[in-house]
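Chains as they are written, first to last, in the numbering used here: chain A, 57 to 284; chain B, 57 to 284.
Protein chains: 2
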Amino acid sequence: MPVWLGDAGGPEQLAPENIAIALSTSLYFAEHEKTARHMLRRMSPTIDLPSLEIHRMDKDTDEQDVQRYMSLLRTRDGVMLSEAGMPAIADPGARLVAAAHRAGLRVVPLSGPSSLLLALAASGLNGQHFTFHGYLPVKPDERKQAIKRLEHEAQRTGAAQLFIETPYRNDAMLAELLRTCQDRTLLCIAMDLMQPTAFVRTRTAHEWRQMHTELGKHPAVFILGARP
Amino acid sequence: MPVWLGDAGGPEQLAPENIAIALSTSLYFAEHEKTARHMLRRMSPTIDLPSLEIHRMDKDTDEQDVQRYMSLLRTRDGVMLSEAGMPAIADPGARLVAAAHRAGLRVVPLSGPSSLLLALAASGLNGQHFTFHGYLPVKPDERKQAIKRLEHEAQRTGAAQLFIETPYRNDAMLAELLRTCQDRTLLCIAMDLMQPTAFVRTRTAHEWRQMHTELGKHPAVFILGARP
C-alpha cells in the first residue's frame, strides 16, 4: 500500500477504501517497523498495535526470510507498506512481490501517491513515452555522460527522461545539468511534492540558466524532455 | 486531478483532500464535458452543476483555445479532470500543462490511481528502471519487431518495458508475445485494475504458453522484464 509523501502528508491524502483494506489484516511488511507502526496509528488512532505482525522487508532481507513470508501469505492476506509513495517502485519491496508471483499468490495493487507520476503529470512533458532511470552515476565524468545520453535520447525519441537525486546533491546536479544541456532542452524540476513548499517548474535549459535557482536539500524529481 | 478507473470505481478510491481541492473551484478542463459532470456529481451529490464552467481539452483543441484557457487561469484556479487515472499521462492534457508552464502559472499535481504504476508495483518487475512505450505498432511485422526490441532492451538494461493495447486487440497481442518472446522472459499482464475482476500475473513466457489464457476485451497493461 502506498503512503503519503513527507512530513506534511497524512491519511487524508489516501483513499478511504485503501485505508480500510490496509486495516483489514494484522500482517504487514515494511522497511522499518517503527515508521510502519507510526503510519498505521495515524490511519487508525485506536488501532491495537501490539496485536499486529510487522515483518521487515528491505534490501538486506535474505531469500530464506522471503520464503518464510510466502508461507505466512499462503493462509492470510498481508499488506506491504512503503515508507513514502508507491511500494515496489524504486523500493526493495519488489522482491517480495516477485516471490509472491512465483508462489502463485494473488497480488492486488492499491493506488496512491507516486512522486514520479505526480512530477510527470505536472511537467507537461511526454506522458505517452517516458523512462525512469533511478539515480544517475555520482562521479562527475560519468554523470555528465549520463546527462548527455538522456538528452540525446529525449531528442531522438521524444520520450521524457526521469531521474532522482539524493537531496544533498540537488544543487550539484542542477549545476551539471545547466553546464551540459543544450539551450532548447526542457528541464522539469518537481520538488517537495505534496508538501506546502511544493513546486513543479518546466523551463528550457536556457531559461533555467538565467534564473539562478537554489534547490536546497529537498526530495526532487528531475525530467529532461525535448520540445515537440 | 486523477479519477477512479473503470465503472466499478468511485470517489471512495480518491483522497478526501483531493476531492476538496477539486470542488474548491468552478473552472474545469476535461476531455468530455458529460463524463466530467458525472464524476463531479459523484464527488459531491449536491454540487450545483449549472454554475460550473467546464472547458473541453482534447487532442483536437487548437492553440487559440489553449491560450484562451491560459487567460482564464491567470485570475482563477482551474482543475484538470482525467477520464480515468492520472491526467496528462497518456492523455491529451499534457499540452495544457505545458502551456501553463510557458505562461509562468503554478501547476500542482494531485495524487490518485494510475494503471501504469499500479501494474508496475504489483508486477514484481524492475521499479528502479522502466520505460513506458504507449501503444506498440499495429502492423504484425512492425509489432513483432517492436516486441523483440523491448525484450532485448529488458535483457540488456534490466529495465521493465511497459506498454498498453486497445482492449479488442489484447488476445492478438498476447498471441504475438508468446510467439516472439524467449522462454525465460518475464511477462506481466495487469487487467481490469481496481475492478472486482482485476488480476495481475507475472510469469515467464514459457509458463504463459502452457496456461492458454484468454484475456478478452478489458483494459490491460503489459510489462516485459528480464530475470535479475
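Each residue gets a CB set at the ideal place from its N, CA and C atoms; glycine is no exception.
Query raised in the report: In angstroms, rounded to a whole number, what distance separates the CA positions of B:Ala202 and B:Met229?
Result: 12 angstroms
Query raised in the report: Between the beta-carbon of B:Leu83 and the beta-carbon of B:Arg132, is there less than 8 angstroms?
Result: yes
Report task. State the CB to CB distance for the pair A:Thr241 and A:Ala175, rounded to an integer number of angstroms; the pair is presumed to be in contact (CB under 8 angstroms). Result -> Taking 8 angstroms as the upper bound for CB-CB distance, A:Thr241 and A:Ala175 are not in contact here, some 17 angstroms apart.
**Report entry** Secondary structure, beta strand (DSSP E): runs of 3+ residues fully inside the region 131-204 of chain A
**Finding:** 186-191
Query - Start and end residues, alpha helix (DSSP H) containing A:Leu230 - result: Where A:Leu230 is concerned, the enclosing alpha helix (DSSP H) stretches over 226-236.
Query - Residues, ordered as in the chain, of the region 63-83 of chain A that lie near chain B by beta-carbon distance below 8 angstroms - result: Glu68, Gln69, Leu70, Ala71, Pro72, Glu73, Asn74
Query raised in the report: A:Lys200 to B:Gly62, Cα distance in whole Å?
Result: 43 angstroms
Query raised in the report: Does the pairing of the region 190-199 of chain B with the region 163-170 of chain A give three or more beta-carbon distances under 8 angstroms?
Result: no
Query raised in the report: A:Met57: buried (16+ other C-beta within 10 angstroms of its C-beta) or exposed?
Result: buried
Report task. Taking B:Ser167 as the reference, give the member of B:Glu139, B:Ala155, B:Pro143 with the closest Cα. Result -> B:Pro143
Report task. Identify the continuous alpha helix (DSSP H) that holds A:Gln217 and give its terminal residues. Result -> That residue, A:Gln217, is in no alpha helix (DSSP H); its beta strand (DSSP E) goes 216-220.
Query raised in the report: What are the start and end residues of the beta strand (DSSP E) that includes A:Arg259?
Result: 255-260
Query raised in the report: Alpha carbon to alpha carbon, what distance is there between A:Ser170 and B:Ser288?
Result: Any answer about residue 288 of chain B is impossible in this case: the structure gives chain B only from 57 up to 284.
**Report entry** Rounded separation between A:Pro67 and B:Ala78 - CA only
**Finding:** 18 angstroms
Query raised in the report: How should A:Ala276 be labelled, buried or exposed, when 16 other C-beta atoms within 10 angstroms of its C-beta is the threshold for buried?
Result: When all chains shown are included, A:Ala276 counts as buried.
Query raised in the report: Does A:Ile203 get closer than 8 angstroms to chain B when you measure Cβ to Cβ?
Result: no
Requested in this report: Determine which residues of the region 115-142 of chain A have a Cβ less than 7 angstroms from any Cβ of chain B, and write them out in chain order.
Outcome: Contacts with chain B (Cβ-Cβ distance below 7 angstroms) from the region 115-142 of chain A involve Met142, listed in chain order.
Report task. State yes or no: is the beta carbon of B:Leu271 nearer than 8 angstroms to at least one beta carbon in chain C? Result -> Although the question refers to chain C, the structure presented lacks it and instead comprises the protein chains A and B.
**Report entry** Euclidean distance between Cα positions of A:Val256 and A:Ser179
**Finding:** A:Val256 and A:Ser179: Cα-Cα distance of roughly 7 angstroms.
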